[in-house]
Amino acid sequence: MKASISHIPLGAAAIVAAAAGMMYGSCGRTASGSGATDVTPAQSLLARLDSVASARQVIFGHADDTAYGREWWAEEGRSDVKETAGDFPGLINWDLGLIERNSPVNLDSVDFNLMRREILAQHERGGINALSWHPLNPHSGANSWTIDSIDAVALAVTDGTAENDSMKVWLGRAAEFIGGLRDGEGRCVPVVFRPWHEHTGSWFWWGGDNTTTPSYVALWKLTREVFDQKGVDNVVWAYSPDVVADAESYMNRYPGDSLVDIMGADVYHFNGLEGVENYRRNAAATLSVARDEAARRGKLFAFTETGSEALPVSDWFTSELLPLIEQFRPVYVCVWRNANIRHKENHFYAPYPGHPSQDSFRVFRNDSITIFANEMAQIH
Ligand code: BMA
404 MKASISHIPL
414 GAAAIVAAAA
424 GMMYGSCGRT
434 ASGSGATDVT
444 PAQSLLARLD
454 SVASARQVIF
464 GHADDTAYGR
474 EWWAEEGRSD
484 VKETAGDFPG
494 LINWDLGLIE
504 RNSPVNLDSV
514 DFNLMRREIL
524 AQHERGGINA
534 LSWHPLNPHS
544 GANSWTIDSI
554 DAVALAVTDG
564 TAENDSMKVW
574 LGRAAEFIGG
584 LRDGEGRCVP
594 VVFRPWHEHT
604 GSWFWWGGDN
614 TTTPSYVALW
624 KLTREVFDQK
634 GVDNVVWAYS
644 PDVVADAESY
654 MNRYPGDSLV
664 DIMGADVYHF
674 NGLEGVENYR
684 RNAAATLSVA
694 RDEAARRGKL
704 FAFTETGSEA
714 LPVSDWFTSE
724 LLPLIEQFRP
734 VYVCVWRNAN
744 IRHKENHFYA
754 PYPGHPSQDS
764 FRVFRNDSIT
774 IFANEMAQIH
């Protein structure tokens, strides 16, 4: 499948900024292949993802993989995935939470300088990076999960409000971090960015009953406008609802084909063995909708987040995840982070050395459809 990149026209502000030479993150165009065509960094990442999708393979991803693991913190070269399965993940997800406050560390205490270095290291080993964002509530200043009766999204997208002023600054900071991701030769490092995720549930201030469809869609538009104004062109954009029962719920707040490159879904496995049937049902319903809606639009489809906290089902990678990705063939599947034991005692989604799920994970890694970093490096 050949996916076309989302594109919105440059607004007047961007043209003025470009003319004045003020584009912050602009990566410019880099010659590719024979040199006959110029592609943006985002297009080059999209082309690599297209190759994986065409081969019906699935990139394995893990959040925060090289920043810390269950029993270590910020030790260069380490990875729970590598130490159990022999290779780094093909994709690493990072979270920008607290970048909006110019904090030196993110909401999970990951130093943003370390994140930048690890994004580059993953890129240089041939892997892919994705970014999520759990920003503060622009009205209350509380975290993403603190819900009150105010529609903070409506305020954030309305010109002239304090929340709109904050949101533009916050988006600008996210855009500058992403647009500023450069390799040793000054070339932009392309990433998948997946803002305003799981909006079909009501647990984040931007989701579900906490806002309305027009406000949510306007938030995506504002996000793209700020990134475009900054000239950021190294982003592949991902949309990722949580569990849905049908296509209508999946598409209800879809911001539009011009704003989205990857149609994803986040579905978690809760309650161990007892929750198996529920996970299978939720994943099958949600992934089939996401896959079909993506195919209809010529977009890529990904299993943007999943996992079973603390892996109580020890063969989970082969009994649950492998059959799902074999059936649905998302371009990537990402499991959530292995929180350090000193921070959160039982919050991990990939094995670590000695955990009973590592045998199943090795079989998963050796399966011909899964792609880890070494295999990703062969895909140009
Ligand atoms: C959640 C948990 C939290 C974390 C957040 C952002 O699902 O892992 O502990 O702060 O993601 O990474």
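Here the working numbering is used: the first residue of the sequence shown is 404, the next is one more, and so on. We put the beta carbon where it would ideally sit given N, CA and C, even for glycine. Keep in mind the model is a prediction, meaning the values are calculated, not measured.
For Leu724, the secondary structure class from DSSP, reduced to helix, strand or coil, is helix.
With 16 or more neighbouring CB atoms inside 10 Å of its own CB, Pro644 falls in the buried class. In this structure, His758 has its beta carbon at no less than 7 Å from each heavy atom of the ligand BMA. Burial is judged here by how many other beta carbons sit within 10 angstroms of a residue's own beta carbon; Ala458 has fewer than 16 and is exposed. Between the ligand BMA and the CB of Trp739, the shortest heavy atom gap is smaller than 7 Å.
In the structure shown, Thr709 adopts extended strand secondary structure according to DSSP, grouped into three states. In this structure, DSSP gives Tyr657 a state outside helix and strand, which the three-state scheme calls coil.
In the three-state reduction of the DSSP assignment, Asn540 falls in the coil class. If you ignore the 5 residues before and after Ile462, its C-beta comes within less than 7 Å of the C-beta of Val455, Gly493, Leu494, Ile531, Val734, Tyr735, Ile774, Met779, all in its own chain and listed in chain order. Taking each of Gln460, Ser409, His465, Ser535 in turn and checking the Cα distance to Phe731, the smallest one comes out for Gln460.
Ala524 places its beta carbon 8 Å or farther from that of Val595. Just so you know, the alpha carbons of Gly634 and Cys591 end up roughly 12 Å apart.
For Ile550, DSSP records no beta bridge to any residue. The beta-bridge partner set that DSSP reports for Ala458 is empty.
Relative to the ligand BMA, the nearest heavy atom lies less than 7 Å away from the CB of Ala742. The Cβ atoms of Arg473 and Asn741 lie closer than 8 Å to each other. Residues of the same chain with a CB within less than 7 Å of the CB of Thr626, apart from the 5 flanking positions on each side, are Leu574, Pro598 in chain order. In terms of Cα proximity to Val513, the closest of Asp468, Ser722, Ala545 is Asp468.
In this structure, DSSP gives Gly667 an extended state, which the three-state scheme calls strand. In the three-state DSSP reduction, Thr773 falls in the strand class (E or B).
Sixteen is the threshold: when 16 or more other Cβ atoms of the shown chains lie within 10 Å of the Cβ of Ala488, as they do, the residue is buried. Tyr682 is the residue among Tyr682, Leu725, Gly611 whose C-alpha sits nearest the C-alpha of Glu712. One alpha carbon belongs to His537, the other to Val639, and they sit about 18 Å apart. Assignment of Gly493 by DSSP, reduced to helix, strand and coil, places it in the coil class. A straight line joining the alpha-carbon of Ile782 with that of Arg451 spans about 6 Å. Contact check for Asn777 against Asp490 passes: the beta carbons are separated by less than 8 Å.
Where Asn532 is concerned, the enclosing beta strand (DSSP E) starts and stops at 531 to 535. Under the three-state reduction of DSSP, Ala578 is assigned to helix.
Residue environment for Glu566: buried (at least 16 other C-beta atoms within 10 angstroms of its C-beta). The Cβ neighbour count for Pro658, taken over all protein chains shown within 10 Å, is at least 16; the residue is labelled buried. Secondary structure of Ala466 (DSSP, three-state): strand. Counting along the chain, Val736 sits inside the beta strand (DSSP E) bounded by residues 735 to 738.
Taking the C-beta atoms as reference points, Ala557 is found no nearer than 8 Å to Thr603. Collapsing the DSSP output to three states places Gly472 in a strand. Counted as a single uninterrupted DSSP element, the alpha helix (DSSP H) harbouring Phe630 occupies residues 616 to 632.
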